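> Residue numbers (the numbering used here): 1 to 233.
The C-beta atom is built at its ideal place from N, Cα and C for all residues, glycine as well.
Keep in mind the model is a prediction, meaning the values are calculated, not measured.
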Amino acid sequence: MKELSLQLGLTPESDCNYLPQQRDQLGIVMDQPWLNPNGYDLLISSGYRRSGSVIYKPMCKNCNACTPLRVNCTEFTPSKSQKRQQNQLKKLQWEFKQQLDPDWFELYERYITVRHASGSMFPANKEQFFDFISASWMNIAFLHLYQDNQLIAIAITDVFPDSLSAVYSFFEPDHKLSLGTLCVLLQIEICHQTQRQWLYPGYQIDQCREMNYKIRFSPHQKLINGEWISSVL
Numbered sequence: 001m002k003e004l005s006l007q008l009g010l011t012p013e014s015d016c017n018y019l020p021q022q023r024d025q026l027g028i029v030m031d032q033p034w035l036n037p038n039g040y041d042l043l044i045s046s047g048y049r050r051s052g053s054v055i056y057k058p059m060c061k062n063c064n065a066c067t068p069l070r071v072n073c074t075e076f077t078p079s080k081s082q083k084r085q086q087n088q089l090k091k092l093q094w095e096f097k098q099q100l101d102p103d104w105f106e107l108y109e110r111y112i113t114v115r116h117a118s119g120s121m122f123p124a125n126k127e128q129f130f131d132f133i134s135a136s137w138m139n140i141a142f143l144h145l146y147q148d149n150q151l152i153a154i155a156i157t158d159v160f161p162d163s164l165s166a167v168y169s170f171f172e173p174d175h176k177l178s179l180g181t182l183c184v185l186l187q188i189e190i191c192h193q194t195q196r197q198w199l200y201p202g203y204q205i206d207q208c209r210e211m212n213y214k215i216r217f218s219p220h221q222k223l224i225n226g227e228w229i230s231s232v233l
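(1) Counting along the chain, where does the alpha helix (DSSP H) carrying residue 34 start and finish?
(2) Give the list of continuous beta strand (DSSP E) stretches no shorter than 3 residues that lie fully inside the region 113 to 159.
(3) From residue 29 to residue 108, what does the alpha carbon distance come to, in whole angstroms?
(4) Between residue 42 and the rest of its own chain, which residues show a CB-CB distance below 6 angstroms, the 5 nearest in sequence each way excluded?
(5) Per DSSP, what are the beta-bridge partners of residue 24 in this structure?
(6) Looking at the structure shown, is residue 205 part of a helix, part of a strand, or coil, going by DSSP?
(7) To the nearest angstrom, how far is the alpha carbon of residue 22 from that of residue 65?
(8) Have a look at the DSSP bridge pairing and note the partners of residue 166.
(9) What residues in its chain sit with their C-beta under 7 angstroms from that of residue 162, if we drop five residues either side in the sequence?
(10) Among the candidates 191, 155, 76, whose CA atom is the shortest distance from the CA of residue 179?
(11) Can you check which of these residues, 49, 67, 106, is closest to residue 126 by C-alpha distance?
(12) Hey, out of 9, 140, 33, 153, whose CA is closest to residue 26's CA?
(13) Using the C-alpha atoms, what's the distance from residue 200 back to residue 215?
(14) Leaving aside the five residues before and after residue 73 along the sequence, list all residues of the same chain whose C-beta is less than 7 angstroms from its C-beta, in chain order.
(15) Within a Cβ cutoff of 8 angstroms, which residues of the same chain sit near residue 14, ignoring the five residues on either side of it in sequence?
(16) Decide if residue 224 is buried, meaning its Cβ has at least 16 other Cβ atoms within 10 Å, or exposed.
(17) DSSP beta-bridge partners for residue 228?
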């Protein structure tokens, strides 16, 4: 890729969705030449993420809690509980597809209604969902998880030559299995099968219980002061 400038625009400050006592502000990539798989591949390895077709990075004035994290899938070592969860996958079926199954919205609607009724994505809306997960310039795949041929989870995944990025997942909200964790384990397995080294699960936020599950996948690296630092549990 030829040398490109990177111009960012700042969003107005707003209340943080993850740390109620903080205000958040995002740096938005303004240059169109970055909006392609090669450009985003470089940016995600520099701590950026996407929402829809918008590539962004937290640039909050008084907080740096959002830490980019990536799992080293070539060296991934499951914990005892993750080994038990991997065994649970033997009773399930999964497929990595280019399109969503026809009945995806019913599952998504149940998930949003039960898990996120107080959030901005309630009530479930197809147009809002596709605005959030889609980017016309990105290679996107859909991990489908089934139990007895019944759809129980979907994980939207960005596909890069040497990595995958977990965009969003939803699942049967009252299922007895930890379906969110199983989706991550399967994304790691897909990286193994396709010889990809990294899975980018998003930002690690230590003070947010809903977001700090990512550190349980080891070994992983955190991007600190522009350098990927390896760590294990």
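Answer, in terms of the structure:
(1) Where residue 34 is concerned, there is no enclosing alpha helix (DSSP H), given that its DSSP letter is neither H nor E.
(2) 140 to 147, 150 to 159
(3) Each residue's alpha carbon lies about 29 angstroms from the other.
(4) none
(5) Answer by DSSP bridge pairing, in chain order: 14.
(6) Three-state result, residue 205: coil.
(7) 10 angstroms
(8) 157
(9) 196, 197, 198
(10) 155
(11) 106
(12) 9
(13) Inter-residue distance for residue 215 and residue 200 is about 12 angstroms (C-alpha atoms, whole angstroms).
(14) 188, 191, 192, 196, 197, 198, 199
(15) 23, 24, 25
(16) Exposed: under 16 other Cβ atoms inside 10 Å.
(17) Beta-bridge pairing links residue 228 to 223.
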